[in-house]
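Chemist: First residue of the sequence shown: 1, per the UniProt record's numbering; consecutive thereafter. For glycine and all other residues, C-beta sits at the position ideal for the given N, C-alpha and C. Since the structure is predicted, the reported quantities are computational estimates derived from the model, not experimental observations. Structure provided below as structure tokens; questions to follow.
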Amino acid sequence: MSTYVIGDIQGCYKPLRKLLKSVDFQPGRDALWCVGDLINRGPKSLDTLRYLRDIDDATEIVLGNHDLHFLALYYDCAPDSIGRHTLDALLTAPDCGDLADWLRHKPLVHYDCLQTSKGIQHYLMVHAGVAPQWTLQKTLNLAAEVELTLQGPDFRKFLSKMYGNKPARWRDEVTGYRRLRLITNYLTRLRFCNAKGKMDFEMKEGASKAPEGFRPWFEYEQLTPQTNILFGHWAALQGVTSKPHVYALDTGCVWGRELTMMRLDDHKLFSV
Numbered sequence: 001m002s003t004y005v006i007g008d009i010q011g012c013y014k015p016l017r018k019l020l021k022s023v024d025f026q027p028g029r030d031a032l033w034c035v036g037d038l039i040n041r042g043p044k045s046l047d048t049l050r051y052l053r054d055i056d057d058a059t060e061i062v063l064g065n066h067d068l069h070f071l072a073l074y075y076d077c078a079p080d081s082i083g084r085h086t087l088d089a090l091l092t093a094p095d096c097g098d099l100a101d102w103l104r105h106k107p108l109v110h111y112d113c114l115q116t117s118k119g120i121q122h123y124l125m126v127h128a129g130v131a132p133q134w135t136l137q138k139t140l141n142l143a144a145e146v147e148l149t150l151q152g153p154d155f156r157k158f159l160s161k162m163y164g165n166k167p168a169r170w171r172d173e174v175t176g177y178r179r180l181r182l183i184t185n186y187l188t189r190l191r192f193c194n195a196k197g198k199m200d201f202e203m204k205e206g207a208s209k210a211p212e213g214f215r216p217w218f219e220y221e222q223l224t225p226q227t228n229i230l231f232g233h234w235a236a237l238q239g240v241t242s243k244p245h246v247y248a249l250d251t252g253c254v255w256g257r258e259l260t261m262m263r264l265d266d267h268k269l270f271s272v
């Protein structure tokens, strides 16, 4: 049995299947972790979701910002100014409701300990990042606040309130939907922040393009080296971070580059 973690698929269904075939991935034997942004912008979002749902027992999936946007569109909670990108085929599919309900019950973070060739390794998978002030347990607890709301009776209100850039800095005393939006933005949209955790949402280029006073979030995080962090979202990093226990898996397949997957047993990379 092997466990693989794959970068942002974003509807690139054919590269996904080609990559899995290249390692002889078997759902009954192997496991596939997905760092989020399963859909949108690529050509085959519907096929991608159907396939991942069909092998649900073999997957661990966390939600990305594009996945949440799809949910907001389907449940009619997204602002009119936000586009649908390439989601029309998915949104009009006869099984879209089942796919949306399945996706809505996925978490924002996944944590696990695996026996590997390097011994027991601890892994936290998140789509974008974590705030400088957060410990591992705090990250899990805060993610659970959003997950319980998204999976609960008031999920539509959350989806309508999750859009926006403020508040931009973590404070424990923030409450209500502002708190849930803030947690969601760290976990699904974060790239650059300052030492106090204030996020910058404008700059989307690589780590060397940090705005004045800001740095990549992983230069502040407090979880490593005890916990390996797996994330996507930031294609401009081209899979490179400044920390040996932090792994960037989004290598820009949807932008014409590569889809990348890492085998957790030995951290070997596979790409198409």
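Applying the criterion that 16 or more other CB atoms from any shown protein chain within 10 Å of the CB defines a buried residue, is M1 buried or exposed?
Modeler: Counting Cβ neighbours within 10 Å, M1 comes out exposed, since fewer than 16 surround it.
Chemist: Taking only the alpha-carbon atoms, compute the straight-line gap between L90 and Y13 and give it to the nearest angstrom.
Modeler: Distance between the alpha carbons of L90 and Y13 is about 13 Å.
Chemist: Alpha helix (DSSP H) containing S271: first to last residue?
Modeler: S271 -> not in any alpha helix (DSSP H); beta strand (DSSP E) instead, spanning 268–271.
Chemist: If the criterion is Cβ atoms closer than 7 Å, does the pair Q10 and V254 meet it?
Modeler: A contact, by the Cβ cut-off of 7 Å.
Chemist: Please report the straight-line C-alpha distance between A143 and L187, rounded to a whole angstrom.
Modeler: Computed Cα separation, rounded: 8 Å.
Chemist: Which residue from K118, M125, R53, R178 puts its Cα closest to that of D101?
Modeler: The shortest Cα separation from D101 among K118, M125, R53, R178 belongs to R53.
Chemist: With distance defined between alpha-carbon atoms, name the residue in L148, L223, K268, S271 nearest to V246.
Modeler: Looking at the Cα atoms, L223 is the closest of the given residues.
Chemist: Counting C-beta neighbours from all protein chains within 10 Å, is the total for R171 16 or more, i.e. buried, or is it exposed?
Modeler: Per the 10 Å Cβ criterion, exposed.
Chemist: Under 8 Å: do the region 112–125 and the region 170–185 share three or more Cβ pairs, one atom per stretch?
Modeler: No, they do not touch.
Chemist: Checking 7 Å against the spacing of the C-beta atoms, do N40 and L87 come in under that value?
Modeler: Taking 7 Å as the Cβ cut-off, N40 and L87 qualify as a contacting pair.
Chemist: Short check: CB of E147 to CB of L108, under 7 Å?
Modeler: Yes; because the gap between Cβ atoms is below 7 Å, this pair is in contact.
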